[in-house]
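Working notes, structure below.
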Amino acid sequence: MHDMNRDVARHLRLLGELLEISGKEPYKIRAYYRAADTISRLASPVDDMDEARLTDLPGIGENIARKVIEYVKTGAIHELTELEESVPSGLVGMLDLDGVGPKTIHALWTKMGIEDIAMLEKAAKNRRLRALHGFGPKKEEAIIQAVAGYRRKTSRMTRKEAEELIGRIEPAFPGKNFTVAGSFRRGRSTIGDIDIVSTEAPARTNALLQEVADEIIDQGERKTSFSIGDRRVDVRFCTPAFAGTMLLYLTGSKQFNIKMREIALSRGEKLNEYGIEDREEGRTYTFPDEASVFSFLGMDYIPPELREDQGEIEHARRHTLPELVRETDIRGDLHMHSSWSDGALSIAELARLGEERGYEYIACTDHSASLGVAHGLDAARLAKQHHEIEMSNRSHSCRILAGIEVDILGDGSLGLSGPVLADCDLVIASVHSGFKQDRDVMTRRILSAMENEHVDIIGHPTGRLLGKREAYLVDMERIISAAADTGTALEINASPYRLDLDDIYVREAHDHGVMLSIGTDAHTREEAAAIRFGVGIARRGWCGKQDILNTRPFKGFFT
DNA sequence: GCCGTTTTCGGCCCGACTGTTTTCAGTCG
0 MHDMNRDVAR HLRLLGELLE ISGKEPYKIR AYYRAADTIS RLASPVDDMD
50 EARLTDLPGI GENIARKVIE YVKTGAIHEL TELEESVPSG LVGMLDLDGV
100 GPKTIHALWT KMGIEDIAML EKAAKNRRLR ALHGFGPKKE EAIIQAVAGY
150 RRKTSRMTRK EAEELIGRIE PAFPGKNFTV AGSFRRGRST IGDIDIVSTE
200 APARTNALLQ EVADEIIDQG ERKTSFSIGD RRVDVRFCTP AFAGTMLLYL
250 TGSKQFNIKM REIALSRGEK LNEYGIEDRE EGRTYTFPDE ASVFSFLGMD
300 YIPPELREDQ GEIEHARRHT LPELVRETDI RGDLHMHSSW SDGALSIAEL
350 ARLGEERGYE YIACTDHSAS LGVAHGLDAA RLAKQHHEIE MSNRSHSCRI
400 LAGIEVDILG DGSLGLSGPV LADCDLVIAS VHSGFKQDRD VMTRRILSAM
450 ENEHVDIIGH PTGRLLGKRE AYLVDMERII SAAADTGTAL EINASPYRLD
500 LDDIYVREAH DHGVMLSIGT DAHTREEAAA IRFGVGIARR GWCGKQDILN
550 TRPFKGFFT
């Protein structure tokens, strides 16, 4: 995300949190949270937006627009600065404790002088909290547990980790009557907790969940929450008759659900996870699947990946949603490594793997020699590799494209010369060094690679490693605009550790008519299956089949 | 504070579960 957008979003959120702890009106607070949300998922920087452009954004009115402009100009928001002076800074951190919310914090602060997590923990252990109205021994114990949980709090999971966790939960559903919903189903690049809808009998499943759970958080006939591996899992039980509204509800997103319920309200209906109640007739309609819910509300089916309240609801009502790319549309993987550099598979093994996966082609894109660590290829070895690729292509139905992943060097030049690149079928240019350059230098560095006539694709364009390394500083607006001008494709790197481009930039690129390519960056057999993650990100970026380079058939690929 | 295929004012999604309560507030998703 753009730094300024991130800063502005963070400050608006903080403003909301401080107002909430101060006990201000909930709707005002919600407005700040919503505005922070909008700005944090904005692809273009707020730096140079005027009041008119800002107020066009959903959830941002005159008041918040002025605060955004104030922050961009002065680096501070006056109202926030004042609030920070009157509210101890440690209180905001207490919001991260499970089961501790703004009302609790307000009471602890004003009635007991508790100002941070350490003070709270001490008071709970000394059994002083039970003196407060509404607090008892169980609440004290819950707070002690919450502090412990906070200390081992982990960041969001990769999708791969989430899949492994789901694998550990599966034994509790021997009948397989469950669907993973939430951000996992929406295809988000990282996952916080796991949400599950199940049509199993609650009593039986609850007993089985006891076996897989590390700790049961709460348990009921309709809903059970537990932790496993320091992750939270929420299970909602339903019958097949109302599985549609239950799945819709638990898939979210939160903003999407709010908007859907507002639409139902405007029709004189009430939407919840059990169905849709016609308030006039007083009868409730139930829906066995999501499609019938959308249909009832006069909308087209919205794929989970689009459910973020980013315009998809309006499109669904006007019947103008795009048809999204599917995994079965993918005809080849455009980014794989072989044993010629740091991969595990030979060229022939790549071809066989491609055949097994039903691909027409795989681009073998090993590293160039300038990256010493990865047994990169120089011109001589590349020529030998091309010969082996030719041999393989004679005997396999899956064609290997003789590609290269060439380094974009610090000054924007490439790790291999023009004539060498000209001999390749496909050239991916990627940044693998000098991540600390300033924004303008990095941006111009990538732009010069895009201007090189041999470069087809920019690999993992922002260089992020999820949960490990932030994206380098780069002006994605300029990159996207240059990609449109030069006809260079931007990669959606499908590795679950990267998922780079981020979906907000994919959507921006898509809107600018930029072609995207999906590549797994696989070094092993197993990693080649990651293509599904990349397709998910493409879908979240509103991409159809026509927007993705590797949905093209082998013939016509080079046209 | 935001917003309008009812509205420029008066609304703002909805329900499960827990703990501390005698009927509900707080938190969460």
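So the first sequence is residues 0 to 558, counted in numbering that gives the first Met the number 0.
Where a beta carbon is used, it is the ideal one built from N, C-alpha and C, also for glycine.
None of these values were measured; they are calculated from a predicted model.
Handout entry: Whole-angstrom C-beta distance between Arg127 and Pro136, which should lie under 8 angstroms
Key = Actually they are not in contact, since the Cβ atoms of Pro136 and Arg127 sit about 12 angstroms apart, beyond 8 angstroms.
Exercise for the section: Evaluate the contact criterion for the region 210-220 versus the region 260-271: three or more CB pairs, one atom per stretch, below 8 angstroms. Expected result: Cβ pair count under 8 angstroms is below three, so no.
Handout entry: CB-CB length for Glu359 against Gly331, believed under 8 angstroms
Key = Between Glu359 and Gly331 a beta carbon distance of about 6 angstroms is seen, short of the 8 angstroms cut, so the two are scored as contacting.
Practice task
Could you check what DSSP says for Tyr360 in three-state terms: helix, strand or coil?
Solution key: In the structure shown, Tyr360 adopts extended strand secondary structure according to DSSP, grouped into three states.
Practice task
Write down every uninterrupted run of the alpha helix (DSSP H) in the region 218-279 whose length is 4 residues or greater and which is fully enclosed by it, in chain order.
Solution key: 242-250, 253-265, all fully within the region 218-279.
Practice task
Compute the beta-carbon to beta-carbon distance between Ala171 and Leu207, rounded to the nearest angstrom, for a pair I have assumed lies under 8 angstroms.
Solution key: That pair is a contact at about 4 angstroms.
Practice task
Indicate the three-state DSSP secondary structure (helix, strand or coil) for Ser294 in the structure shown.
Solution key: In this structure, Ser294 counts as helix in the three-state DSSP scheme.
Exercise for the section: Would you kindly report the start and end of the unbroken beta strand (DSSP E) that includes Asn62? Expected result: Element bounds for Asn62: not the beta strand (DSSP E) but the alpha helix (DSSP H), 61-73.
Handout entry: Which of helix, strand or coil DSSP assigns to Cys490
Key = Per the sequence shown, the amino acid found at residue 490 is Glu instead of Cys. Here Glu490 sits in strand by DSSP.
Practice task
Answer yes or no: do Trp541 and His511 have a C-beta to C-beta separation smaller than 8 angstroms?
Solution key: Trp541 is not a Cβ neighbour of His511, given a cutoff of 8 angstroms.
Handout entry: Backbone secondary structure at Leu90 - three-state DSSP
Key = In the three-state reduction of the DSSP assignment, Leu90 falls in the helix class, which pools H, G and I.
Exercise for the section: Use the C-beta contact count for Phe255: other C-beta atoms within 10 angstroms, 16 or more gives buried, fewer gives exposed. Expected result: Buried.
Handout entry: Proximity winner among Ile445, Phe134, Val426, relative to Ser432 (alpha-carbon distances)
Key = Closest in C-alpha terms to Ser432, from the list Ile445, Phe134, Val426, comes Ile445.
Practice task
Could you name the residues of the same chain whose beta carbon sits closer than 7 angstroms to that of Ile329, not counting the 5 residues immediately before and after it, in chain order?
Solution key: Around Ile329: Ile517, Ile530, Val534, Asn549, Thr550.
Practice task
Give, in chain order, every unbroken run of the beta strand (DSSP E) that is at least 3 residues long and sits entirely within the region 491-545.
Solution key: As summarised for the region 491-545, the continuous beta strand (DSSP E) elements at least 3 residues long and confined to that stretch are 515-518, given in chain order.
Practice task
Measure the alpha-carbon distance for Thr327 versus Lys544 and round it to whole angstroms.
Solution key: Linking Thr327 to Lys544 through their CA atoms gives a straight-line distance of about 10 angstroms.
Exercise for the section: Evaluate contact between the region 472-485 and the region 448-461, counting only Cβ atoms and requiring at least three cross-stretch pairs below 8 angstroms. Expected result: Flag = yes, the region 472-485 and the region 448-461 touch.
Practice task
Measuring alpha carbon to alpha carbon, tell me which of Arg351, Met48, Ala147, Ala537 ends up nearest Ile503.
Solution key: Measuring from the Cα of Ile503, the nearest candidate turns out to be Ala537.
Handout entry: Reference Ala287, options Ile275, Gly297, Glu280, closest by Cα
Key = In the sequence on display, residue 287 carries Pro and not Ala. The option with the nearest alpha carbon to Pro287 is Ile275.
Handout entry: Phe177 versus Leu94: straight-line alpha-carbon distance, rounded
Key = Phe177 and Leu94: Cα-Cα distance of roughly 32 angstroms.
Problem - Three-state secondary structure (DSSP) of Asp49 - result: Per DSSP, reduced to three states, the secondary structure at Asp49 is coil, with no helix or strand assignment.
Practice task
Just the C-alpha distance for Ser188 and Asp55, rounded to the nearest angstrom, thanks.
Solution key: Each residue's alpha carbon lies about 27 angstroms from the other.
Problem - Limits of the unbroken beta strand (DSSP E) element including Asp194 - result: From DSSP, the beta strand (DSSP E) with Asp194 extends over 193-197.
Exercise for the section: Could you tell me which of Lys23, Lys124, Asp192 sits nearest to Lys152, measuring between CA atoms? Expected result: The shortest Cα separation from Lys152 among Lys23, Lys124, Asp192 belongs to Asp192.
Exercise for the section: Could you tell me whether the region 20-31 touches the region 487-506, using the rule of 3 or more Cβ pairs below 8 angstroms? Expected result: Short answer: they don't touch.
Exercise for the section: Tell me, to the nearest whole angstrom, how far the beta carbon of His453 is from that of Gly417; I am working on the premise that it is less than 8 angstroms. Expected result: Between Gly417 and His453 the Cβ distance is about 6 angstroms, and since that is below 8 angstroms, they are a contact.
Handout entry: Coarse secondary structure for Gly331, derived from DSSP in three states
Key = Reduced to three states, the DSSP call for Gly331 is strand.
Handout entry: Presumed contact (8 angstroms Cβ cut-off) between Ala350 and Cys397, rounded CB distance
Key = In this structure Ala350 is in contact with Cys397, their Cβ atoms being roughly 5 angstroms apart against a cut-off of 8 angstroms.
Exercise for the section: Evaluate the contact criterion for the region 76-94 versus the region 102-121: three or more CB pairs, one atom per stretch, below 8 angstroms. Expected result: Contact between the region 76-94 and the region 102-121 is present, with at least three C-beta pairs closer than 8 angstroms.
Exercise for the section: Please classify Gly462: does DSSP put it in a helix, a strand, or coil? Expected result: Reduced to three states, the DSSP call for Gly462 is coil.
Practice task
Using alpha carbons as the reference points, say which of Gly466, Glu476, Met475, Val473 lies closest to Arg497.
Solution key: With distances taken between Cα atoms, Arg497 lies closest to Gly466.
Handout entry: Residue closest to Arg230, alpha-carbon to alpha-carbon, out of Ile165, Ser291, Gly186
Key = Ranking Ile165, Ser291, Gly186 by Cα distance to Arg230 puts Ile165 first.
Handout entry: N- and C-terminal bounds of the alpha helix (DSSP H) containing Leu79
Key = Here the alpha helix (DSSP H) through Leu79 covers 77-85.
Practice task
Below 7 angstroms CB to CB, which residues in the same chain sit around Ile59 once its five sequence neighbours on both sides are set aside?
Solution key: The answer, listed in chain order, is Ala34, Thr37, Leu53.
Problem - Bridge partners - Ser43, DSSP secondary structure assignment - result: Beta-bridge pairing links Ser43 to no other residue.
Handout entry: Nearest-angstrom Cβ-Cβ length linking Ile547 and Leu500, presumed shorter than 8 angstroms
Key = Not a contact, Cβ separation roughly 12 angstroms.
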